[in-house]
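**Q** First the structure, then my questions, so here it is.
2 protein chains.
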Amino acid sequence: MAIRLDAQAPGFPTAFATLLGQKREVSEDVDERVRTILADVAARGDAALIELTSRLDRCDVTGRLRITEAELARAEAVCPPDALAALALAKQRIEAYHARQRPTDELFTDDAGVTMGWRWSAIAAVGLYVPGGTASYPSSVLMNALPAKVAGVPRIVMVVPTPDDTLNPLVLAAARLAGVNEIYRVGGAQAVAALAYGTATIAPVAKIVGPGNAYVAAAKRRVFGTVGIDMIAGPSEVLIVADETANPAWLAADLLAQAEHDEAAQCILVTDSPTLADEVERALAHQLATLPRAAIAAASWRDYGAIVIVPHLDDAVPLIDAIAPEHLEIETRDAEVLAARVRNAGAIFLGAHTPEAIGDYVGGPNHVLPTARSARHASGLGVLDFMKRTSILKCSPDSLRALGPAAIALGTAEGLDGHARSVSIRLNL
Amino acid sequence: MAIRLDAQAPGFPTAFATLLGQKREVSEDVDERVRTILADVAARGDAALIELTSRLDRCDVTGRLRITEAELARAEAVCPPDALAALALAKQRIEAYHARQRPTDELFTDDAGVTMGWRWSAIAAVGLYVPGGTASYPSSVLMNALPAKVAGVPRIVMVVPTPDDTLNPLVLAAARLAGVNEIYRVGGAQAVAALAYGTATIAPVAKIVGPGNAYVAAAKRRVFGTVGIDMIAGPSEVLIVADETANPAWLAADLLAQAEHDEAAQCILVTDSPTLADEVERALAHQLATLPRAAIAAASWRDYGAIVIVPHLDDAVPLIDAIAPEHLEIETRDAEVLAARVRNAGAIFLGAHTPEAIGDYVGGPNHVLPTARSARHASGLGVLDFMKRTSILKCSPDSLRALGPAAIALGTAEGLDGHARSVSIRLNL
């Protein structure tokens, strides 16, 4: 079972530091192979894509790299109607939430007579990586594509590997629903290369988002600069803060919902009630027995699960901020008060009736969130990730005269006389 | 002199593609050495910093890694008063502009009874890399530190190499003015490592910003994930669009102001007037003769400068969007109209009286801008780069009942029964 820590025990700081420092990912060193794949696609384009896909995904994509509209329609036809209806509800709610994230432009003239501000615009083309096989989630397609759509991105390009020529129909249905413009059956580092550099079939994009395996992550890291990338996602996490008012069976279900993702997922319960902790552990063991993905969940809970007992719930706040969890559930008496004191968390789920799974699917906020303590500096995916800001500056002759001398002084002080001169030449200085 | 391209010539698409594809940076492969340095600092902390600084910067920092308040005061005392006054003006204007970038929180309850929104918070600790030697600019200290200050970052840590124990006093004065909290005399990959991993003297930060050489860039790329980083900056660029109403001498001065930065800087003039182009070339040659950094500027203009003649100014727009210049000056009759049609540019400088140098120093907008075509997907530095957003979700029992079935359907469809159960257990389903 999970480790249990007592925040009042003398060894706690060390034990907590160990928990924080835990490496949950085997960082497979695939960088050299990725470098070769990127160079190959850059040099040979489609031919390289076809060869690599044949070799790595055992799938012949000659002449059929792009998935056709007819294939999409056929895929949708075989999806369970309740799942399609759920996707439609999710789409509507995700769009409504993200529409509020649209930024506003600004343009103002200050007392010196300088007009300035900024203008937001959508990125012209975005690539969306979607994993194949078991980690292929239709909900993630919506969560990645819809903010881009809301941002106004005119061209959204999805790539998805089709190992042994198999595809998840619900993933295609989600892509169609979200308004993805092009879909190609290619994955791995070769798909990232195609999106970044372009090939005869796939025009390049300006930014690549979406989760992937070690090859995809290494490829994204390498093409960063040529294109923009989103965060490099790690294994998922939840931290639940609860007091004795919480329902232990519900908490256990929430911990297992996280643990079933991945053996490297991490679930942490922080509570001021040792009794609750015991009850949660018992409920969790009980529920594990009937969970289809019990092996994965049990391994995650055994290897990375933790229960931290704090003397008071107030003491949970610095621990939360240090862990900076991707998901934070607060099931305590004054959940809002506690939430207001937290600085670092990707998403907060408030109260007993907000299991994280609601947020994964149909809540509205994005489920692509910063992992591995990166909520200390990063945000979940949103509309701003698909837009960029251009600053605007306009001086009148008078305002140039007012500000010019200071610019000349600084240009001169920095040894950049050409800078100074570009101002002085206009002022006849 | 610079290359001249005619947009109506048959070979133009190829020539323009070559211009776009130009590599202006020798990408020195320092990755292996950087990896060693990072590992050394991670393992040995301060001892490694002291050794590396002694070896690489020929500076003994034993017991004096941190720059004291007394040293800052002494540095400020030797700065030219006009430069200090100019910095103070710059500070006030940069702060006023960036204060408008502070984002707003949101919290609303929708028709389904779900409460949701987000909350922005400042990053708790930010590292600011400042280059030493000739590329050490006080204006950059303000441009990097002030948005963090406006964001509310409580701890801003600056690192700056002091080769041969020398420092730029105006850089220290700028840091003091901007309210930087700690300054350490260390640079290179070792400084990035110290900020990311922490040492006994330097507590770790959550994000690192600021420009640097190949070692710094490689180190930032490697620690990305452990901490956040800003963009990897490349050589600076300007694209000027002008018609025959523009003053050729002013344009030449602006091109040279950019070219004097770096032999790898790029200056492009796009115009519908071949006459103007000729006049600018003549003025540029004339001004070069008296420019202190003439050798650098001449090399930049010779190797990477370009003049593109377009039949109509309208034809400039797609060229601008493809180049996605860091700086875009528009000196034409209807500058605003043309500016409104541009999608990709880091910053736009409107009209004859707005030389880019004003924006470098005292305009107000940030001068840290996306280079190397990354304005296609990235923005200049701003307040949002020092904050992160936490999403908030709260279901009532009724709204969970309304949304629950869709979440259960999607969890089941994705093979994540534990997700479905965390909802159904609350609904007694």
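If you're matching them up, the sequences are chains A and B in order. The numbering used here applies: residue 529 is where the first sequence begins, and numbers increase by one. The numbering used here applies: residue 529 is where the second sequence begins, and numbers increase by one. We put the beta carbon where it would ideally sit given N, CA and C, even for glycine.
Anything in chain A within Cβ reach of residue 695/B, meaning under 7 Å, just list it in chain order.
**A** Here residue 695/B refers to the residue found at position 167 when the second sequence is read from its first residue. Correct list: empty, because the minimum Cβ distance to chain A is about 15 Å.
**Q** Compute the distance between the beta-carbons of residue 756/B and residue 902/A, then report whether it is under 8 Å.
**A** Residue mapping note: residue 756/B aligns to position 228 of the second sequence, counting from 1. Residue mapping note: residue 902/A aligns to position 374 of the first sequence, counting from 1. It is a contact, given that the beta carbons lie within the stated cut-off.
**Q** Considering only the alpha carbon of each residue, which of 569/B, 550/B, 827/B and 820/B lies closest to residue 751/B?
**A** For this step, residue 751/B is matched to residue 223 along the second sequence. Among 569/B, 550/B, 827/B and 820/B, the Cα nearest to that of residue 751/B belongs to 569/B.
**Q** Would you mind sorting residue 916/B into buried or exposed? The rule is 16 or more other CB atoms within 10 Å of its CB.
**A** Residue mapping note: residue 916/B aligns to position 388 of the second sequence, counting from 1. The residue is buried, with at least 16 neighbouring Cβ atoms inside 10 Å.
**Q** Does residue 655/B come out as helix, strand or coil in the three-state DSSP assignment?
**A** Translated into positions along the second sequence, residue 655/B becomes position 127. In this structure, residue 655/B counts as strand in the three-state DSSP scheme.
**Q** With residue 649/A as the anchor, note down where its beta strand (DSSP E) starts and where it stops.
**A** As a first step, residue 649/A is located in the first sequence; it is residue number 121 there, counting from the start. Segment 643-650, the beta strand (DSSP E) holding residue 649/A.
**Q** Please compile the residues from chain B whose C-beta is within a distance smaller than 8 Å of the C-beta of residue 715/A.
**A** Here residue 715/A refers to the residue found at position 187 of the first sequence. Here the premise fails: no neighbours, minimum Cβ distance about 18 Å.
**Q** Please state the DSSP three-state secondary structure of residue 815/B.
**A** The count along the second sequence starts at 1 and reaches residue 815/B at position 287. Three-state result, residue 815/B: helix.
**Q** Going along the chain, which residues of its own chain have a beta-carbon closer than 8 Å to the beta-carbon of residue 548/A, five neighbours each way excluded?
**A** Numbered from its first residue, the first sequence carries residue 548/A at position 20. Cβ within range, chain order: 850, 851 and 901.
**Q** Classify residue 545/A as buried or exposed, calling it buried when 16 or more other Cβ atoms lie within 10 Å of its own Cβ.
**A** Walking along the first sequence from the start, residue 545/A turns up at place 17. The residue in question, residue 545/A, is exposed, as its Cβ has fewer than 16 Cβ neighbours within 10 Å.
**Q** Using a cut-off of 7 Å between C-beta atoms, extract the partners of residue 922/B located in chain A.
**A** The residue given as residue 922/B occupies position 394 in the second sequence. Below the 7 Å Cβ cutoff, chain A contributes 878, 879 and 882 as neighbours of residue 922/B, in chain order.
**Q** Spell out whether any CB of chain B is found under 8 Å from the CB atom of residue 894/A.
**A** As a working mapping, residue 894/A is identified with position 366 in the first sequence. Cβ-Cβ to chain B under 8 Å: yes for residue 894/A.
**Q** Which bits of chain B does residue 829/A rub up against, with CB to CB less than 9 Å?
**A** Numbered from 1 along the first sequence, position 301 holds the residue referred to as residue 829/A. Within 9 Å Cβ-Cβ: nothing; residue 829/A doesn't reach chain B, min ~11 Å.
**Q** Should residue 763/B and residue 659/B be called a contact, given that it needs their Cβ atoms to be closer than 8 Å?
**A** Within the second sequence, residue 763/B is the residue found at index 235, counting from 1. Within the second sequence, residue 659/B is the residue found at index 131, counting from 1. No, they are not a contact pair.
**Q** For residue 748/B, count the other beta carbons within 10 Å of its own beta carbon; 16 or more makes it buried, fewer makes it exposed. Which is it?
**A** What you label residue 748/B is simply residue 220 of the second sequence in a count that begins at 1. When all chains shown are included, residue 748/B counts as buried.
**Q** Taking Cβ positions, are residue 627/B and residue 650/B nearer each other than 8 Å?
**A** By 1-based counting over the second sequence, the position of residue 627/B is 99. By 1-based counting over the second sequence, the position of residue 650/B is 122. No, Cβ-Cβ distance for residue 627/B and residue 650/B is not below 8 Å.
**Q** When we look at the beta-carbon of residue 647/A and count the other beta-carbons within 10 Å, is it buried (16 or more) or exposed?
**A** What you label residue 647/A is simply residue 119 of the first sequence in a count that begins at 1. By the 10 Å Cβ count, residue 647/A comes out buried.
**Q** Measuring CA to CA, which of 676/A, 919/A, 927/A and 796/A is closest to residue 706/A?
**A** Translated into positions along the first sequence, residue 706/A becomes position 178. Looking at the Cα atoms, 676/A is the closest of the given residues.
**Q** Compile a chain-ordered list of the residues in the region 941-953 of chain B whose CB is closer than 9 Å to at least one CB of chain A.
**A** 941, 942, 943, 944, 945, 946, 947, 948, 949, 950, 951, 952 and 953
**Q** What does a CB cutoff of less than 6 Å around residue 721/A pick up in its chain, not counting 5 residues either side in sequence?
**A** The residue labelled residue 721/A in the question sits at position 193 within the first sequence. Closer than 6 Å at Cβ, skipping near neighbours: 566 and 569.
**Q** Could you check whether residue 716/A and residue 689/A sit closer than 8 Å to each other, using their CB atoms as the reference points?
**A** As a position in the first sequence, residue 689/A is number 161, starting the count at 1. As a position in the first sequence, residue 716/A is number 188, starting the count at 1. For residue 689/A and residue 716/A, yes; Cβs fall inside 8 Å.
**Q** Is it true that the CB of residue 939/B sits closer than 8 Å to the CB of residue 885/A?
**A** Position 357 of the first sequence holds residue 885/A. Position 411 of the second sequence holds residue 939/B. Yes, Cβ-Cβ distance for residue 885/A and residue 939/B is below 8 Å.
**Q** Where are the alpha helix (DSSP H) runs, 4 residues long or more, that stay fully inside the region 818-868 of chain B, in chain order?
**A** 822-832, 844-851 and 863-868
**Q** For the candidate residues 829/B, 815/B, 641/B and 710/B, whose alpha-carbon lies nearest to that of residue 484/B?
**A** Past the boundaries of the shown model lies residue 484/B; chain B is included only from 529 to 957, so the question cannot be answered.
**Q** Determine the burial state of residue 840/B: buried for a count of at least 16 other Cβ atoms within 10 Å of its Cβ, exposed for fewer.
**A** As a first step, residue 840/B is located in the second sequence; it is residue number 312 there, counting from the start. By the neighbour-count rule (16 or more Cβ atoms within 10 Å), residue 840/B is not buried but exposed.
**Q** Going along chain B, which residues have a C-beta under 8 Å from residue 760/A?
**A** Here residue 760/A is taken as the residue at index 232 of the first sequence, counted from 1. Ordered by position in chain B, the residues that pass the 8 Å Cβ test against residue 760/A are 752 and 753.
**Q** Here's the rule I'm using: 16 or more other beta-carbon atoms within 10 Å means buried, otherwise exposed. How should residue 798/B be labelled?
**A** Against the second sequence, residue 798/B aligns to sequence position 270. So residue 798/B ends up on the buried side.
**Q** Which one or two residues does DSSP pair with residue 795/B in a beta bridge?
**A** Taking the second sequence and counting its residues from 1, one reaches residue 795/B at position 267. Residue 795/B pairs with 766/B.
**Q** Starting from the beta carbon of residue 651/B, find every residue of chain A whose beta carbon is closer than 8 Å, and list them in chain order.
**A** As a first step, residue 651/B is located in the second sequence; it is residue number 123 there, counting from the start. Chain A residues near residue 651/B: 904 and 905.
**Q** Any contact between the region 781-791 of chain B and the region 920-928 of chain A? By contact I mean 3 or more CB pairs, one from each, below 8 Å.
**A** no
**Q** Using only alpha-carbon positions, find the residue among 944/A, 683/A, 629/A and 553/A that is nearest to residue 652/A.
**A** Along the first sequence, read from residue 1 onward, the residue named residue 652/A stands at position 124. Answer by Cα proximity: 683/A.
**Q** Closer than 8 Å, Cβ to Cβ, to anything on chain B: give me those residues from the region 729-753 of chain A, in chain order.
**A** 734, 735, 749, 752 and 753
**Q** So, helix, strand or coil for residue 954/B, using DSSP?
**A** Residue numbering aside, residue 954/B sits at position 426 when the second sequence is read from its first letter. Reduced to three states, the DSSP call for residue 954/B is helix.
**Q** Give me, in chain order, the residues of the same chain whose beta-carbon lies closer than 7 Å to that of residue 761/A; leave out the 5 immediate sequence neighbours on both sides.
**A** The residue labelled residue 761/A in the question sits at position 233 within the first sequence. Taken in chain order, the residues that qualify are 739 and 899.
**Q** Between the region 819-828 of chain A and the region 939-950 of chain B, do three or more beta carbon pairs fall short of 8 Å?
**A** yes
**Q** At 4 residues or longer, and completely inside the region 879-956 of chain A: list those alpha helix (DSSP H) runs for me, N to C.
**A** 884-889, 925-941 and 945-952
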